[in-house]
Amino acid sequence: MEDYDHELIARFKKGSMTAMEKIVEKYEEMLFNFGKRMCGHTQDAEDIMQETFLNAFKSLKDFREETKLKNWLFRIAANACYRKRRKKKDEPDRELSLDALMNPEGNGQKFDIPDASNDPGEDLIRTELKEVIAAATQRLPAIYRLVFNLRDIEGFSTEETADILDITTQSVKTRLHRARLFLRNEISDHFKEEKPDA
Amino acid sequence: MHEECRVLFEKMSEYLDGELDADLCGKIMSHLEACPDCLNCFKSLKNTVDICKRFPREKMPKEIHARLRTTLEDCMRKGTF
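Which chain is which? The protein sequence lines are A and B, in order. Take the first sequence: its position 147, counted from the start at 1, is 146 in numbering that gives the first Met the number 0, and no numbers get skipped. Take the second sequence: its position 9, counted from the start at 1, is 8 in numbering that gives the first Met the number 0, and no numbers get skipped.
Take a look at the structure:
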């Protein structure tokens, strides 16, 4: 895969429009989905994807492939997300404290996390679950949402995520753990509220 | 919260991701076998991660696909890249 990217980059540097198209084809859906998961809106996702490709192709001639093309594109996309937040004057990130995510009584609390199996009969719960996860992800402060999306959704390693976001591997681990606990609590609260009183 | 439970709570994601050294990993494994509350907490976290990973990517609308091409081809023609 990286060899193929290397070949596409080399061809793009020689002015090949086909190589540009192949790069776009390979990464557009990934970047669009990342933008949507980060911002929650289709228009913002389109802006982030477009800005990522425009900035990438403007600098691709100087790209020395010290990192994978995919990781480099996600670094540009993450920066585009930060810029969009600043433009929108979104609220500053709040810290998620581990103590607030912890049950002081111990780990014995019961959580209602539904099982979204691939059984077609589970379509309704799958649709609802998808919406609940999307909404809960939007409530995550952006610094945690970025790490969660890169690690758990896009599948980057801890080291790759740290490199993309220019933070330490320990920060990646800390933010990921808090993001997961936050999502677990939010998803569980949603399905708990839905249950009729016994 | 019991100290061992607290350590597990803090390291649960790293344990799940296989990022802990063998010694700590072994201690956590033994604790999970002995502590049903922590096992329940761990399973709920693992289940959350599993369901979040399970949903496929959304298809990109065709008009967005087309607009991106128009923009990029214009830039290429104008020599922006």
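Where is the CB? At the ideal position from N, CA and C, for every residue including glycine.
Please classify residue i: is it buried, with 16 or more other beta-carbons within 10 angstroms of its beta-carbon, or exposed?
i: D4 of chain A; result: buried
i: E153 of chain A; result: buried
i: L123 of chain A; result: exposed
Hey, how far is the Cα of residue i from the Cα of residue j?
i: L97 of chain A; j: K57 of chain A; result: 42 Å
i: I47 of chain A; j: K21 of chain A; result: 19 Å
i: K86 of chain A; j: I163 of chain A; result: 22 Å
i: L128 of chain A; j: S43 of chain B; result: 15 Å
i: L7 of chain A; j: I27 of chain B; result: 46 Å
i: L149 of chain A; j: F155 of chain A; result: 6 Å
i: K60 of chain A; j: T160 of chain A; result: 24 Å
i: P113 of chain A; j: L68 of chain A; result: 37 Å
i: L182 of chain A; j: L139 of chain A; result: 8 Å
i: F31 of chain A; j: E32 of chain B; result: 42 Å
i: F11 of chain A; j: M75 of chain B; result: 11 Å
9 Å is my cut-off, CB to CB: does residue i come that close to chain B?
i: D114 of chain A; result: yes
i: I152 of chain A; result: yes
i: A197 of chain A; result: Because A197 of chain A carries a pLDDT of 44, less than 50, the predicted location of this residue cannot be relied on, and no value is offered for it.
i: S96 of chain A; result: no
i: S170 of chain A; result: no
Looking at chain A, is there any beta carbon in it that lies within less than 9 Å of the beta carbon of residue i?
i: I50 of chain B; result: yes
i: I63 of chain B; result: yes
i: S29 of chain B; result: no
i: L67 of chain B; result: yes
i: C24 of chain B; result: no
Compute the distance between the beta-carbons of residue i and residue j, then report whether it is under 9 Å.
i: R177 of chain A; j: L95 of chain A; result: yes
i: G34 of chain A; j: E24 of chain A; result: no
i: C40 of chain B; j: G107 of chain A; result: yes
i: A135 of chain A; j: D89 of chain A; result: no
i: E185 of chain A; j: V131 of chain A; result: yes
i: L7 of chain B; j: C24 of chain B; result: no
i: A55 of chain A; j: I75 of chain A; result: yes
i: Y143 of chain A; j: D188 of chain A; result: no
i: P60 of chain B; j: T41 of chain A; result: yes
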